[in-house]
Structure formats: structure tokens, C-alpha cells
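A.B. asks:
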Amino acid sequence: MSTEGPGSVVFQNIRKQFGAFTAIHDLSLTIEPGTLVTLLGPSGCGKTTTLRMLAGLEHPTSGRILIGGKDVTMLPANERDVSMVFQSYALFPHMTALENVAYGLESSGLKRKEARERAEDGLALVGLAGMGERLPAELSGGQQQRVAVARALVLEPQVLLLDEPLSDLDARLRRRVRTEIRELQQRLGFTAVYVTHDQDEALAVSDRIIVMRDGHVAQEGAPRDLYDAPASAFIADFMGEANVVSCDILGVEGGDATIRVEALTHRVPGRDIRPGPAKLAVRPNAITLEPAKNGAFSGRITHAAYLGDHVEYEVKTAAGTLFVVDPAVERTLAPATDVAIGFKERGIAIISS
Ligand code: ATP
1 MSTEGPGSVV
11 FQNIRKQFGA
21 FTAIHDLSLT
31 IEPGTLVTLL
41 GPSGCGKTTT
51 LRMLAGLEHP
61 TSGRILIGGK
71 DVTMLPANER
81 DVSMVFQSYA
91 LFPHMTALEN
101 VAYGLESSGL
111 KRKEARERAE
121 DGLALVGLAG
131 MGERLPAELS
141 GGQQQRVAVA
151 RALVLEPQVL
161 LLDEPLSDLD
171 ARLRRRVRTE
181 IRELQQRLGF
191 TAVYVTHDQD
201 EALAVSDRII
211 VMRDGHVAQE
221 GAPRDLYDAP
231 ASAFIADFMG
241 EANVVSCDIL
251 GVEGGDATIR
261 VEALTHRVPG
271 RDIRPGPAKL
281 AVRPNAITLE
291 PAKNGAFSGR
301 ITHAAYLGDH
311 VEYEVKTAAG
321 TLFVVDPAVE
331 RTLAPATDVA
341 IGFKERGIAI
351 ISS
């Protein structure tokens, strides 16, 4: 673990104001070399501003930014060892793919021949060997984005910055290109900071995810940690869907808590918590529906929709209306059916707010 070596990024107490408006409040984070870290959050939460400060396109109002252990806080963009891949690939339309990739190398002083050779290598790296003579208009959207990635990578930056790199691609292509970007990052081992507002994309590509909200870090962790142990209702709902349900924590033992929701008791992972009232995030697919029986946590189906590989239900209970995703497609429970509600082992987390 190195926070000073090449490819590391550190934000220390970064604050960014635009006039009287504070876009980023006291942001501190550390990115380890060779990892892909995603800044995720709803529109306006400060992802792009954070990335632009790392790129040197914005300067923080206060705090320090280190890249590879070096303080770059006030350095201009062209003196930082980073390259950025933008939302719309911004290729020069009149230049071939090869010329687009070679352009940055030539502007940084490399001789034309050497720049072209490095650009050829760059195109091969992203699977576009032999396509160098095509103009951007003669390439698909996914290929154009790969040219943009090659153009950034041939500069051999310490850190590659990707600002919503897939947003101009259609859904199917998005999945393929995100896999390609992740494979390339793992194969070459560069550090990448990736901005997206799409949680599936973040889960799929990241070593770590930093979820932002209103200029703050709402939660940071590995994809599984954020999904399995959301700290708040905001995270639970942002990383997939969740029902937020009031519960009582009856006791805590060996890293597990015993909780009660109405007549249902259940054990869930729980550290550093005290008995008393609390909130649970319950994934829609963590709820089981059984035939009604006396003494159970019960509910009544109010809505059912068969969706091919699962059935969705709304179930009215004394703890609120629950949204349930049931993989048992061989049956569809009709509205007005009374059911007993259970929780599965996974997909239930105690949240703080
Ligand atoms: P999106 O997903 O919509 O791109 P984002 O999370 O990237 O959103 P930012 O672009 O970082 O959000 O913006 C964060 C906040 O700062 C927003 O409220 C935005 O309006 C404000 N902001 C960004 N740039 C400026 C600017 N140059 N002047 C004033 N306010 C700005």
C-alpha cells in the first residue's frame, strides 16, 4: 500500500467554492496506485468538479492535492502527469485516428515519426490496429471512444481521468466498452479515476467507489461493501433499490445483531451498534413471501407484476409498503392474498440514517 508512489492520488481537506456557493466541502481521499476508483453520485454532487481539480482545470479554494507524492495543487493542467478522457470523445474530425492519437505526443515535442509509432502502439493496445487511417466519422461510437482512450494512454500519465466516458454510447455498447476499459486498466496497471452517475457501471468497473452527495463523501468502499453494508438510506437506495423499514435492535453478539420487525426476528451483521430503535435497508430480493400463518409478520399483496425472470410485488404491512422481487416465477400471487413475510440471510443491513 503506497500513497506516495507514482500513480497515487491524495486529496487533503479540499474545499471548492464558486462565488458564495460551496461545491466541495472538506474532501479528503486517498487513491492507491494501480486502482480504478469511481466518483459516483447524483447530478450536481461535485464529481466533475473533483475530477477537474485533479486535472488542473479548476483550482481548489483551499486544501492540497498530491499526485505521486508531489504537491500539484496550484500546477496548471499541462504540468500534471494526468490525461483525461471526456464524455464526448472530442476527436478532431478532420484527422485520422492515428493523427488524433499522435497529436498530443507531437505537441509534447516528440518527433513526428516516433509519435506515429507510439500512436500505432496505442491503437493496437485498444484493439484498433490497422484502423489508424480512418477518420472518426468512419468509426463506430465505441471505436471512437477507444481512440480517445488510446490518445490519453499514449501520454503514459500517472493517472487516467475518465469523465462519464460511456455516456454517448448506446446501452449495449456501454457494457462492452466498460469491460474493455476495465481490462485495459487491469492489464496495464495504471491508476484511473472514473466519474459516473450510473451505479451499475460503478459496481462493474471499480476497485473502490466514492459516493458523493452535495459536495461531501457520503460513503466510500469496495463495490460489495457499499452494496451489502450501506451506511444510510441514501446509499442503500442509490446502490440498487432498498426498502427502509423501522426495527428494534434486541441485542448484539459476536458481530451480529438480532433485530425485530413486527413479529419477525432476524440476525443481521452489525458492529458498533446499540440495542434500541433503528432502521433497516432491505433489498427487494431479500424478502420471502410464504402462505399466511398466525403469529407471522404478515402483509397483503396490493400489486403484482410478472416480468419474465421475476415477479414484482407491493405488499402492505404494518411496517409500511414493501417492494418485493420474487425469483419464483412459477407462481404469481394475486392482489389481496395474505402472506407471511420472511427475510433472507443476505440483503438486510442496519443503516444509520
Ligand atoms: P453532473 O453529473 O450533472 O455532471 P456533477 O456531480 O459532476 O454533476 P459538478 O459539475 O461537479 O457536479 O457540479 C457541482 C456543483 O457545482 C453544482 O451545483 C454546479 O452547479 C456547481 N458548479 C460547477 N461548476 C460551476 C461553475 N463554474 N460556477 C458555478 N457553479 C458551478
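First residue of the sequence shown? That's 1 in full-length UniProt numbering, and the numbers climb one at a time after it. We put the CB at the ideal spot given by N, CA and C, even for glycine.
#1: Quick one: complete alpha helix (DSSP H) runs, 4+ long, within the segment 108-140?
#2: From this set, Asp248, Asn13, Tyr103, which residue's C-alpha is nearest Val147's C-alpha?
#3: Between the beta-carbon of Leu280 and the beta-carbon of Val324, is there less than 9 Å?
#4: Quick one: give me the first and last residue of the beta strand (DSSP E) that Gln12 is part of.
#5: The beta strand (DSSP E) that contains Pro269, what's its start and end?
#6: List the DSSP bridge partners of Thr191.
#7: Report the rounded CA-to-CA distance for Ala222 versus Arg80, giving the unit in angstroms.
#8: Quick check: the segment 7-18 against the segment 162-181, are at least 3 beta-carbon pairs closer than 8 Å?
#9: In this structure, what does DSSP give as the bridge partners for Gly342?
#10: By Cβ distance below 6 Å, which residues in the same chain neighbour Pro6 in space, the five residues on each side in sequence not counted?
#11: Using DSSP bridges, identify the partner residues of His303.
#12: Mind checking whether the beta-carbon of Val37 lies closer than 8 Å to any heavy atom of the ligand ATP?
#13: Does the segment 54-63 touch the segment 251-264, meaning 3 or more C-beta pairs lie closer than 8 Å?
#14: Report all residues from its chain with a CB closer than 8 Å to the CB of Ile65; omit the five preceding and five following residues, and keep chain order.
#15: Whose C-beta lies closer than 8 Å to the C-beta of Pro93 among residues of the same chain, with five residues either side of it excluded?
#16: Between Ala20, Val268, Gln17, Leu29, which lies nearest to Val217 when the distance is taken from Cα to Cα?
#17: Please report the straight-line C-alpha distance between Lys113 and Asn100, rounded to a whole angstrom.
#18: Between which two residues does the alpha helix (DSSP H) containing Val205 stretch?
#19: If you measure between the beta carbons of Leu169 and Gln145, is that distance less than 9 Å?
#20: In three-state DSSP terms, what is Arg331?
#21: Roughly how many angstroms lie between the CA atoms of Val244 and Val282, to the nearest whole one?
#22: Which residues, in chain order, sit with a beta-carbon under 6 Å away from any heavy atom of the ligand ATP?
#23: In this structure, how does DSSP classify Thr35 when only helix, strand and coil are distinguished?
#24: Could you name the residues that DSSP lists as bridge partners for Lys70?
C.D. replies: In this structure, then:
#1: 112-125
#2: Here residue 147 corresponds to residue number 147 of the sequence shown, with the count starting at 1. The shortest Cα separation from Val147 among Asp248, Asn13, Tyr103 belongs to Tyr103.
#3: As a first step, residue 280 is located in the sequence shown; it is residue number 280 there, counting from the start. As a first step, residue 324 is located in the sequence shown; it is residue number 324 there, counting from the start. No, Cβ-Cβ distance for Leu280 and Val324 is not below 9 Å.
#4: In the sequence shown, counting from the first residue as 1, residue 12 sits at position 12. Element bounds for Gln12: 9-18.
#5: Here the question's residue 269 lines up with position 269 in the sequence shown. Run containing Pro269: 264-269, per the beta strand (DSSP E) assignment.
#6: Here the question's residue 191 lines up with position 191 in the sequence shown. Thr191 pairs with Val159.
#7: In the sequence shown, the residue the question calls residue 222 occupies position 222. In the sequence shown, the residue the question calls residue 80 occupies position 80. For Ala222 and Arg80, the distance between alpha carbons rounds to 28 Å.
#8: no
#9: For the purposes of this step, residue 342 is taken as the residue at position 342 of the sequence shown. Beta-bridge pairing links Gly342 to Thr288.
#10: Here residue 6 refers to the residue found at position 6 when the sequence shown is read from its first residue. Once the five neighbours on either side are set aside, the close Cβ partners of Pro6 are Gly68, Gln158.
#11: Counted from its first residue, the sequence shown places residue 303 at position 303. For His303, which the question treats as bridged, DSSP gives the partners Glu314.
#12: Counted from its first residue, the sequence shown places residue 37 at position 37. No.
#13: no
#14: Numbered from 1 along the sequence shown, position 65 holds the residue referred to as residue 65. Contacts found: Val9, Val10, Phe11, Gln12, Ile14, Met53, Leu54, Asp71, Val72, Thr73.
#15: For this step, residue 93 is matched to residue 93 along the sequence shown. Excluding sequence neighbours, Pro93 sits near Leu135, Pro136, Ala137.
#16: Against the sequence shown, residue 217 aligns to sequence position 217. Among Ala20, Val268, Gln17, Leu29, the Cα nearest to that of Val217 is on Leu29.
#17: In the sequence shown, the residue the question calls residue 113 occupies position 113. In the sequence shown, the residue the question calls residue 100 occupies position 100. Roughly 14 Å separates the two Cα atoms.
#18: Taking the sequence shown and counting its residues from 1, one reaches residue 205 at position 205. Where Val205 is concerned, the enclosing alpha helix (DSSP H) stretches over 199-205.
#19: By one-based count along the sequence shown, residue 169 stands at place 169. By one-based count along the sequence shown, residue 145 stands at place 145. A contact, by the Cβ cut-off of 9 Å.
#20: For the purposes of this step, residue 331 is taken as the residue at position 331 of the sequence shown. Three-state result, Arg331: coil.
#21: For this step, residue 244 is matched to residue 244 along the sequence shown. For this step, residue 282 is matched to residue 282 along the sequence shown. Answer to the nearest angstrom: the Cα atoms are 6 Å apart.
#22: Phe18, Phe21, Ala23, Gly41, Ser43, Gly44, Cys45, Gly46, Lys47, Thr48, Thr49, His197
#23: Residue 35 sits at position 35 when you count from the first residue of the sequence shown. In the structure shown, Thr35 sits in coil (DSSP, three-state: anything other than H, G, I, E or B).
#24: Within the sequence shown, the letter at position 70 stands for residue 70. DSSP output for Lys70 lists Ile67 as bridge partner(s).
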